[in-house]
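Sequential numbering from 106 applies to the sequence shown in the numbering used here. C-beta: ideal position from N, C-alpha, C; glycine also.
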Amino acid sequence: MASFQGPALRQALNGISGILVTPFDAQDRVVAAPLKPVVDRAVQAGVQVLVANGNTSEFYGLQPAEAERAVAIAADCVAGRVPLLAGVGRSVGEACALARVSRAAGADALMVHQPPDPFVAPRGVLAYVQRIAEAGGGLPLVLYLRNENIGLDAIEALCRIPEVVGIKWASPTPLVLAAAMRRTADRQLAWVGGLAEVWAPPFYAVGARGFTSGLINVLPERSVAIYNALEAADQPLAMRLIEEMLPFEELRAQENNGTNVTVVKSALQLMGNDCGATRPPSAWPLNDQQQQGLRALLDGWKLLR
Numbered sequence: 106m107a108s109f110q111g112p113a114l115r116q117a118l119n120g121i122s123g124i125l126v127t128p129f130d131a132q133d134r135v136v137a138a139p140l141k142p143v144v145d146r147a148v149q150a151g152v153q154v155l156v157a158n159g160n161t162s163e164f165y166g167l168q169p170a171e172a173e174r175a176v177a178i179a180a181d182c183v184a185g186r187v188p189l190l191a192g193v194g195r196s197v198g199e200a201c202a203l204a205r206v207s208r209a210a211g212a213d214a215l216m217v218h219q220p221p222d223p224f225v226a227p228r229g230v231l232a233y234v235q236r237i238a239e240a241g242g243g244l245p246l247v248l249y250l251r252n253e254n255i256g257l258d259a260i261e262a263l264c265r266i267p268e269v270v271g272i273k274w275a276s277p278t279p280l281v282l283a284a285a286m287r288r289t290a291d292r293q294l295a296w297v298g299g300l301a302e303v304w305a306p307p308f309y310a311v312g313a314r315g316f317t318s319g320l321i322n323v324l325p326e327r328s329v330a331i332y333n334a335l336e337a338a339d340q341p342l343a344m345r346l347i348e349e350m351l352p353f354e355e356l357r358a359q360e361n362n363g364t365n366v367t368v369v370k371s372a373l374q375l376m377g378n379d380c381g382a383t384r385p386p387s388a389w390p391l392n393d394q395q396q397q398g399l400r401a402l403l404d405g406w407k408l409l410r
């Protein structure tokens, strides 16, 4: 059963949405034990929301049964301490099935991935989200928009689905974001920067609040410090803190973003919190130069044992 509802969930969405890794063992099976310390560090640092089956969770590399296990593991680790968002997506049937499982596991809301289908009609996306809302049995929805190609009319229609309480905006288009916010201001939705810490300042400038983060798996205190600086409107401090973690994000962006999760899981290995390898088509392992750069960065952050 969900632990956070209504105003409590809505307020939490203004904070950091930490996207959890999915741990694998040496036989490439989803396992629970390595996730607990990741979650504990994030909660203790003050991360407001945790997300299972997001992109840093390798959602598109998981089989349906593995995604179901991943949300159940995350729910056990979080144990109601902060809101848990459960990512759902891929085919509409898979998304609806995972929505039902996530609700039973205790997720507080569903994060709906933008459909990856090559043939996406704006009205088809509306039907897709409506079907998921029905399957979710009343759970709130957070839309994950990686681009705005469906147009502002369709985005507004999605935002007016009653179950929708927030949007993670993952397109580097703050002016389009501002237009979408104006068109739906009466709904008082949570508009969350979906491109992590680096893009949070321009999103904040147009009225978004909070941001997604994969860094929270490794150094949640830095994400929280950036969030606190932005909330205090201390732009110089926020930019300095972001600049200090920028090499980590630059490593994640290499190889056409193919090292995005690789860097996070490699960092966890170096820290003694091994969450396993990433799956193809992600890059694994890091090459020697990348590994040396990551080790030097973590050593500077005093995270190595």
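Report yes if the C-beta distance between residue i and residue j is below 8 Å; otherwise report no.
i	j	result
Gly271	Leu294	yes
Gly405	Ser387	no
Ile124	Gly315	no
Leu140	Glu173	no
Asn322	Val156	no
Leu231	Ala180	no
Pro128	Gly381	yes
Here's a check: name, in chain order, each residue in its chain whose Cβ is nearer than 7 Å to the Cβ of residue i, leaving out the five neighbours to either side.
i	result
Tyr249	Met216, Val217, His218, Gln219, Lys273, Ala275, Gly299
Asp379	Pro139, Leu373
Arg115	Val270, Ala295
Give me the Cα-Cα distance between residue i and residue j, rounded to the nearest whole angstrom.
i	j	result
Ala209	Leu280	38 Å
Gln132	Leu399	25 Å
Ala191	Glu163	13 Å
Glu349	Ser318	15 Å
Gly159	Pro188	15 Å
Glu268	Asp222	23 Å
Leu320	Ser328	7 Å
Ala238	Val369	32 Å
Arg411	Leu391	Since the displayed the chain opens at 106 and closes at 410, residue 411 lies outside it and no answer follows.
Among residues of its own chain, excluding the 5 on either side of residue i, which ones have a beta-carbon nearer than 6 Å to its beta-carbon?
i	result
Gly242	Arg208
Ala313	Trp296, Gly298
Val136	Pro128, Asp130
Classify residue i: buried if its beta carbon has 16 or more other beta carbons within 10 angstroms, exposed otherwise.
i	result
Asp213	buried
Lys407	exposed
Asn254	exposed
Gly185	exposed
Leu351	exposed
Arg410	exposed
Gln153	buried
Asn365	buried
Arg345	exposed
Gly111	exposed
Glu302	buried
According to DSSP, residue i sits in a beta bridge with which residue or residues?
i	result
Leu155	Gly123, Leu189
Lys273	Tyr249, Val297
Thr364	In DSSP, Thr364 forms no bridge with anything.
Ser318	Gly123
Met74	This structure does not reach residue 74, given that the chain is present from 106 up to 410, and the question cannot be answered.
Val230	In DSSP, Val230 forms no bridge with anything.
Phe129	Val135
Leaving out the 5 sequence neighbours to the left and right, which residues in its chain are closer than 8 Å to residue i when beta-carbon positions are compared?
i	result
Thr278	Glu253
Ala343	Ala305, Pro306, Ile331, Ala334, Leu335
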